[in-house]
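The C-terminal residue of the sequence shown carries number 1379 in my numbering, and the numbering is unbroken.
C-beta: ideal position from N, C-alpha, C; glycine also.
Keep in mind it's a predicted model, so treat the numbers as computed, not measured.
Below is one structure; the comments refer to it alone.
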Amino acid sequence: MHWFLRTAVFTLVLLGVSYSIYSRFFPYVTNENRKEEIEVTTQNTLLPVTSEDWGIILGAPYAVFNGHVVNDYTPEIAEDNGLSSAWGIKNRQDLLQQLFWLIMEGHSTDYYEIRDTVIHLSKNDFDMLLSNIEKSQWDETEKQELIWQYKMMYHNTHDIQNMEYLAWDYVRFSMLCLEGARLKYITKEEAQSWTRMLAPRLRKMYTGWDDLWHHLFITRWFWSAQDKQWTSSQSDYLAIVDNLLQDKSSPVNVIQWDVPLSSTDTTSFSEALVSLQLPKSMVTLELEGDDDVTVGVDELNEIIRAHLNISPPK
């Protein structure tokens, strides 16, 4: 769900929703067969996890949901798990493009903008902007999803105004790296290195695995915009998170959130991105000029480190 909200200012009103959060996470109900499957997959790892796997553990709920263990980078047979259908990823280049987008922009950029737009609006202004959306020429489905999101944000449903939406982009970055390694689009070492470079920014924003996933799945609820294709799996994901947090042998209880990590290296990722021949205007987010100029490794590396809040190397 990509929203192009840069030039539009919209707001809305709604009378609430039919359910609420009873605890830190949404309540969930799963059938016994699925629950057993979740527990078995959560408890098993291919090899003992180490601090090198820290970034891959970010996406552990997705790994368990997809039916494989968290650190299985190189299976004999790997399924696509929606990379081609949901992400358009069919090769290394496609994967790199999506990973770069998640770091540079993702959905979180739009969600912060939605929040900043509506947070101080009066009801009259909100109603007026709702009318503007209704009159817009957007696709009806997209329009209604956007309306729903603005309503939820305006009314602060599930405390959505106070979420840090970055978890939604960075956890999916981790998920794509593991799935990409399993499909041999990238190497195990690339998957480990690229996901570990997310640590500095995430550790400043979230207090632990539980906090990260709390923000993740509230934001996932917001993103899904009542689309049953995605909301139907929310309870399974939350059951997985609960098992990951409670099981003493799970990766998140073996590798602590603040475990010391090896130095953060963004060069490997920057070197891989050079193959995309990205226009400078796209990378630097400038509106004019440089369309025919591609970005080199050093400049890409500097931009990526800035987005990830990584201090320049000494």
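Taken through DSSP and simplified to helix, strand or coil, Pro-1344 comes out as strand. In this structure, the CA atom of Ile-1375 is about 19 angstroms from the CA atom of Gly-1171. In the same chain as His-1280, and ignoring 5 residues on each side of it, the C-beta atoms closer than 7 angstroms to its own belong to Met-1228, Glu-1229, Ala-1232 and Tyr-1271, in chain order. Shortest Cα-Cα distance from Gln-1226 to any of Tyr-1250, Leu-1263, Leu-1241 and Ile-1179 involves Ile-1179.
In this model, Asn-1221 and Arg-1285 are separated by some 15 angstroms (Cα to Cα). Boundaries of the alpha helix (DSSP H) around Glu-1207: 1205–1219.
Of the other Cβ atoms in all chains shown, fewer than 16 fall within 10 Å of the Cβ of Ala-1371; this residue is therefore exposed. In the three-state reduction of the DSSP assignment, Thr-1329 falls in the coil class, being assigned neither a helical nor a strand state. Beyond the five residues adjoining it in sequence on each side, Leu-1267 comes within less than 7 angstroms, by CB distance, of Tyr-1235 and Leu-1277 in the same chain, given in chain order. Excluding residues up to 5 positions away in sequence, Gly-1273 and Trp-1274 lie with their Cβ nearer than 6 angstroms to the Cβ of Trp-1322 in the same chain.
In the DSSP assignment, Gln-1202 falls outside any alpha helix (DSSP H), carrying neither H nor E. Contact between the region 1185–1194 and the region 1137–1144 is not established, with fewer than three Cβ pairs separated by less than 8 angstroms.
In the three-state reduction of the DSSP assignment, Thr-1359 falls in the strand class. Here DSSP, grouped into helix, strand and coil, assigns Met-1270 to helix.
In terms of Cβ geometry, Val-1362 and Lys-1345 do not form a close pair [threshold 8 angstroms]. About 19 angstroms separates the beta carbons of Thr-1174 and Met-1262, which is beyond the 8 angstroms limit, so they are not a contact pair. DSSP places Val-1114 in the coil class of the three-state scheme, outside both helix and strand. CA-CA distance, Thr-1296 to Leu-1112, rounds to 32 angstroms. In the structure shown, Thr-1182 falls within a helical segment according to DSSP collapsed to helix, strand and coil. If you compare the alpha carbons of Glu-1199, Ser-1300 and Ala-1246 with that of Asn-1156, the shortest gap goes to Ala-1246.
Secondary structure note for Asn-1308: its alpha helix (DSSP H) is the uninterrupted segment 1299–1311. Here the alpha carbon of Asp-1301 sits roughly 37 angstroms from the alpha carbon of Lys-1200.
Residue ranges of uninterrupted alpha helix (DSSP H) with 4 or more members, entirely inside the region 1144–1182 and ordered along the chain, are 1148–1152 and 1157–1169.
The beta carbon of Ile-1283 sits closer than 6 angstroms to the beta carbons of His-1223 and Met-1228 from its chain, once the five residues preceding and following it are set aside; these are given in chain order. By alpha-carbon distance to Trp-1119, the top candidate from Leu-1243, Glu-1364 and Gln-1294 is Leu-1243.
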